[in-house]
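Undergrad: Taken in order, the sequence shown gives residues -24 to -1, 1 to 342; the numbers are from mature numbering (1 follows the signal peptide of the UniProt record, and there is no 0).
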Amino acid sequence: MNGITRIRHSHMALPLLIVFSVIASCQAGVPDGSPVREEEMDVSRDDVRLSGTLTLPVGEGPFPVVVLISGSGPQNRDWDFDWNGEYLMGRIFANDLARHRIAVFRYDDRGTGKSTGQGEDIRDLTQDVLSIVESLRKKTVIGPVGLCGHSLGAAVALHTAAACDGIDFLILLSPPLVTGKEIMLAQAREMPDMYRSSKEQTNEEASLDGMEFVRSIADVSGDDQTREKAISIFVKIFRYHSANSTADDQSTSNDAEERLRKDAQNLVEHFRSPGNQFFLHYDPVSDLKGVACPIAVLFGEGDRHVKLDVNLKPLLDGVTQSTISNFTLKVVPEINHFYTCPPHRTKGQMYPGVTDFLGRWILNSI
């Protein structure tokens, strides 16, 4: 397959079977028009209702099933990433894997679409996934159950698999294998525009502001001085990015300035919540060490959100300390965090061959 051929090797000797597979053909393993069917499926846990779609191959089954777990930010079941329906990563996964005779359950995140509830605490999301797995296992059409998590969803998948012996396989797409604090520090270095507060500011200065903000919100002391430091950084950023301001004129009315400060305070309080503090200090490798089921890990070489060079060593360290005997690592050239790249995204397409590779990996691993 053109593109998915470059595999990064560690110099470590791993005491287990590691499959570094290379796909030689870009031809899909199944016809694009293979029939699939869909069922609406709701899962309730306490006062939360998760509404989703179960995509099934045509036939009697039982079929292996993949539970798709989205990354950070509220996503609907199609994972459109606020791109106005231009690229629907979740729907593509569901339809493509179903054509490999693999069922897929995808669902609206809490408080999104038809789902209720709120919050992104990894611990709560893990309990949601466990409830979904329990519901799926009651269906006679369902066989082995696996999880496929993207970005933060990969951390949720790992946390779930470590808490449940009943997960049969695991797919981690761009998984963070360091703490949330380390992820955000890396993003500040890689994407300074996220923290830019003036036109004249250099990339290095913007990155330094970003890293100072991350350290402030991750400071477990949370004292007033640390909190004020984080607020002041984002007041400047919000002022610069305000729709009513320009790089040449940053003056604002007292009311507007008060709103900017309130927005910055709300952002800091958001990161000071118990769920986000757990994310900032949670080490996914601690869960990876406790997982034994087959695992496939994919990274995009062009991913600036979850970078391979930051996560590769902790990933391999965790695998060597686990009892995993079936581990596949693949690095896909060109693609970004969302497993596409121009011109594929503008055509609503995932990078060719990703789902075909994963479909064959699942069937060979269960």
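C-beta: ideal position from N, C-alpha, C; glycine also.
1) Measuring CB to CB, does Glu84 end up less than 8 angstroms from Gly28?
2) From the DSSP secondary-structure annotation, give me the bridge partner or partners of Ser27.
3) If you pair each beta-carbon of the segment 189 to 202 with each one of the segment 150 to 167, do three or more pairs fall below 8 angstroms?
4) Give me the residue from Glu188, Arg75, Ser127 and Val244 with the minimum Cα distance to Leu161.
5) Output needed for Lys265: all residues of its chain with C-beta closer than 6 angstroms, excluding positions within five of it in sequence on either side, in chain order.
6) Examine the ligand FAD and report whether any of its heavy atoms sits within less than 7 angstroms of the Cβ of Phe303.
7) Just the C-alpha distance for Arg99 and Phe255, rounded to the nearest angstrom, thanks.
8) Would you mind reading off the limits of the alpha helix (DSSP H) that contains Thr92?
9) Which same chain residues end up closer than 6 angstroms to Leu243 when comparing Cβ atoms and leaving out the 5 residues on each side of it in sequence?
10) Given 8 angstroms as the limit, is there contact between the segment 71 to 79 and the segment 136 to 156, that is, 3 or more CB pairs closer than that?
11) Hey, would you say Asp97 sits closer than 8 angstroms to Leu26, going by beta carbons?
12) So what's Ile209 in DSSP terms, helix, strand or just coil?
13) By a C-beta neighbour count over all protein chains shown, 10 Å radius and 16 as the cutoff for buried, is Ser262 buried or exposed?
14) Can you tell me the Cα-Cα spacing of Ile342 and Val132, whole angstroms?
15) Apart from the five residues just before and just after Gly278, which ones in its own chain have a Cβ nearer than 7 angstroms to its Cβ?
16) Quick check: the segment 36 to 51 against the segment 104 to 114, are at least 3 beta-carbon pairs closer than 8 angstroms?
17) DSSP on Gly64, reduced to helix/strand/coil?
18) Here's the rule: buried if 16 or more other CB atoms are within 10 angstroms of the residue's CB, otherwise exposed. What is Lys283?
19) Could you compute how far the alpha carbon of Arg82 sits from the alpha carbon of His320?
20) On the premise that Val24 lies in contact with Gly93, defined as a C-beta separation below 8 angstroms, what is that separation, rounded to the nearest angstrom?
21) Alpha carbon to alpha carbon, how far is Pro40 from Phe214? Give it in angstroms, no decimals.
22) If distances are taken between C-alpha atoms only, which option among Gly198, Arg336 and Val117 comes closest to Leu30?
23) Alpha carbons only, please: which of Pro250, Val330, Ala137 and Pro260 is nearest the one belonging to Leu153?
24) According to DSSP, is Asn340 helix, strand or coil?
25) Report back the beta-carbon spacing between Ser150 and Phe275 to the nearest angstrom; my notes put them in contact at under 8 angstroms.
26) In its own chain, which residues sit with a C-beta less than 6 angstroms from the C-beta of Asp239, not counting the 5 before and 5 after it?
27) What residues in its chain sit with their C-beta under 6 angstroms from that of Val330, if we drop five residues either side in the sequence?
28) Relative to the C-alpha of Ile147, which candidate in Gly198, Pro270, Val34 and Asp54 has its C-alpha closest?
29) Going by beta carbon distance, what residues of the same chain come within less than 6 angstroms of Asn179, once the five residues before and after it are set aside?
30) For Phe314, does the three-state DSSP call read helix, strand or coil?
TA: So, from the listed chains and residues:
1) Contrary to the premise, residue 84 reads as Asp rather than Glu in this sequence. Taking 8 angstroms as the Cβ cut-off, Asp84 and Gly28 qualify as a contacting pair.
2) Beta-bridge pairing by DSSP links Ser27 to Asp18.
3) The segment 189 to 202 vs the segment 150 to 167: in contact.
4) Out of Glu188, Arg75, Ser127 and Val244, Glu188 has the C-alpha closest to the C-alpha of Leu161.
5) For Lys265, the CB contacts under 6 angstroms within the same chain, skipping 5 residues up- and downstream, are Gly294, Gln297 and Ser298 in chain order.
6) Inclusion of the ligand FAD in the displayed structure is not the case, the ligand content being empty and no account of it being possible.
7) Rounded to the nearest angstrom, the two C-alpha atoms are 9 angstroms apart.
8) Judged by DSSP secondary structure, Thr92 falls outside any alpha helix (DSSP H); it is assigned neither H nor E.
9) Residues Phe210 of the same chain have their beta carbon placed closer than 6 angstroms to that of Leu243, with the five preceding and five following residues left out of the count.
10) Three or more beta-carbon pairs separated by less than 8 angstroms are not found between the segment 71 to 79 and the segment 136 to 156, which leaves the two stretches without contact.
11) Taking 8 angstroms as the Cβ cut-off, Asp97 and Leu26 do not qualify as a contacting pair.
12) Reduced to three states, the DSSP call for Ile209 is helix.
13) Per the 10 Å Cβ criterion, exposed.
14) Near 21 angstroms, if we compare the C-alpha coordinates of Val132 and Ile342.
15) If we look at Gly278 and ignore the five residues flanking it on each side, its Cβ neighbours are Glu310, Ile311, Asn312 and Cys317.
16) With three or more CB-CB distances shorter than 8 angstroms, the segment 104 to 114 counts as touching the segment 36 to 51.
17) The amino acid occupying residue 64 in the given sequence is Leu; Gly does not appear at that position. Reduced to three states, the DSSP call for Leu64 is coil.
18) In summary, Lys283 is buried, with 16 or more beta-carbon neighbours lying within 10 Å of its beta-carbon over all protein chains present.
19) Computed Cα separation, rounded: 22 angstroms.
20) That pair is a contact at about 4 angstroms.
21) In a straight line, the C-alpha of Phe214 is about 47 angstroms away from that of Pro40.
22) Per the Cα distances, Val117.
23) Of the listed residues, the one whose Cα sits closest to Leu153 is Pro260.
24) Correct three-state label for Asn340: helix.
25) Right, the Cβ-Cβ distance comes to about 6 angstroms (below 8 angstroms), so this counts as a contact.
26) Non-local C-beta neighbours of Asp239 in its own chain, meaning closer than 6 angstroms and more than five positions away in sequence, comprise Phe214, ordered along the chain.
27) Spatial neighbours of Val330 in its own chain (CB-CB distance under 6 angstroms, excluding positions within 5 residues in sequence) are listed in chain order as Tyr315.
28) Comparing Cα-Cα distances from Ile147 to each of Gly198, Pro270, Val34 and Asp54, the minimum goes to Pro270.
29) For Asn179, the CB contacts under 6 angstroms within the same chain, skipping 5 residues up- and downstream, are Pro168 in chain order.
30) Of the three classes helix, strand and coil, the one that applies to Phe314 here is coil, per DSSP.
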